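Q: Could you have a look at this structure, given as structure tokens, before my questions?
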Amino acid sequence: MIDIDVARRLQDAGLRWEPAEGDLFTIDTEELRHEAFMLSSMVVERGLSRVGRPVLRFNGTTEWALDSVEQDETIWLPREDQLRSALGGAFRALHRETDGTYVVTLADAPGAHERREIRAPHAEDAFAGALLVHLTR
Numbered sequence: 023m024i025d026i027d028v029a030r031r032l033q034d035a036g037l038r039w040e041p042a043e044g045d046l047f048t049i050d051t052e053e054l055r056h057e058a059f060m061l062s063s064m065v066v067e068r069g070l071s072r073v074g075r076p077v078l079r080f081n082g083t084t085e086w087a088l089d090s091v092e093q094d095e096t097i098w099l100p101r102e103d104q105l106r107s108a109l110g111g112a113f114r115a116l117h118r119e120t121d122g123t124y125v126v127t128l129a130d131a132p133g134a135h136e137r138r139e140i141r142a143p144h145a146e147d148a149f150a151g152a153l154l155v156h157l158t159r
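If you read the sequence shown in the working numbering, its first letter stands for residue 23, the second for the next number, and so on.
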């Protein structure tokens, strides 16, 4: 799972989230930022607040009294496959070095022959870094 600060940077760079079952997120408060929640029709589901804003409803939770949270109070923690998909045509390759480092290769521009490599200790971190590069260039 990627770090919340990286997830926040991705969000700030323009990565948009349409919540779907199986997505991971955290609630952006000091007390809950280290807790990951999974969107599931059995526990957490999408809904609308009384004023029509998107909320995530916590149904069936008994251990604490959180009924719902505004979507804009959450940070999406995209999975490796979601990060790869968001890269689209910029993604060229993922490989693992002999030292265990993962390397994502991006095309610098659509159709370009130049490549950029982003390295990280975990594949999802390499994809997150590559997506940050892609979104901010």
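Where a beta carbon is used, it is the ideal one built from N, C-alpha and C, also for glycine.
These numbers were taken from a predicted model, which means no experiment stands behind them.
Checking 8 Å against the spacing of the C-beta atoms, do A112 and H144 come in under that value?
A: On the sequence shown, position 90 is the one that residue 112 refers to. On the sequence shown, position 122 is the one that residue 144 refers to. It is not a contact, given that the beta carbons lie outside the stated cut-off.
Q: Does T123 pass the burial test, meaning 16 or more other C-beta atoms within 10 Å, or should it be called exposed?
A: To locate residue 123, count along the sequence shown from 1; it is residue 101. By the 10 Å Cβ count, T123 comes out exposed.
Q: With the cut-off set at 8 Å, would you say E146 and I24 are in Cβ contact?
A: Translated into the one-based positions of the sequence shown, residue 146 becomes position 124. Translated into the one-based positions of the sequence shown, residue 24 becomes position 2. Contact: yes.
Q: To which residues of the same chain is R106 closer than 7 Å at the C-beta, ignoring the five residues directly before and after it?
A: Start at 1 with the first residue of the sequence shown, and residue 106 comes out as number 84. So the qualifying residues of the chain are F113 and F149.
Q: Can you name, in chain order, every residue of its own chain whose Cβ lies under 7 Å from the Cβ of A39, other than the five neighbours on each side?
A: Counted from its first residue, the sequence shown places residue 39 at position 17. This sequence places Trp at residue 39; Ala is not what is there. Excluding positions up to five away in sequence, the list reads W98.
Q: Within its chain, find whatever has a CB closer than 8 Å to the CB of S90; leave out the 5 residues flanking it on each side and keep chain order.
A: As a working mapping, residue 90 is identified with position 68 in the sequence shown. Same-chain partners within the cutoff: G69, S71, V77, L78, R79 and F80.
Q: Could you name the residues of the same chain whose beta carbon sits closer than 6 Å to that of G151, not counting the 5 residues immediately before and after it, in chain order?
A: Walking along the sequence shown from the start, residue 151 turns up at place 129. Excluding positions up to five away in sequence, the list reads I140 and A142.
Q: Once the 5 residues before and after A42 are set aside, which same chain residues still bring their CB inside 6 Å of it?
A: On the sequence shown, residue 42 is found 20 positions in, with the first residue counted as 1. Closer than 6 Å at the Cβ level, and outside the excluded window around A42, lies no residue.
Q: Could you tell me whether the Cβ atoms of M60 and L46 are closer together than 8 Å?
A: By one-based count along the sequence shown, residue 60 stands at place 38. By one-based count along the sequence shown, residue 46 stands at place 24. Yes; because the gap between Cβ atoms is below 8 Å, this pair is in contact.
Q: For a test of your reading of the model: does the CB of I97 fall under 7 Å from any non-hydrogen atom of the ligand MG? Yes or no.
A: The ligand MG is absent from the structure shown, which contains no ligands of any kind.
Q: For the beta strand (DSSP E) containing T48, name the first residue and the last one.
A: By 1-based counting over the sequence shown, the position of residue 48 is 26. L46 to I49 is the span of the beta strand (DSSP E), which, as asked, contains T48.
Q: Please confirm whether V155 has its beta-carbon closer than 8 Å to some beta-carbon of chain B.
A: Absence of chain B from the displayed structure is noted, only one protein chain being present.
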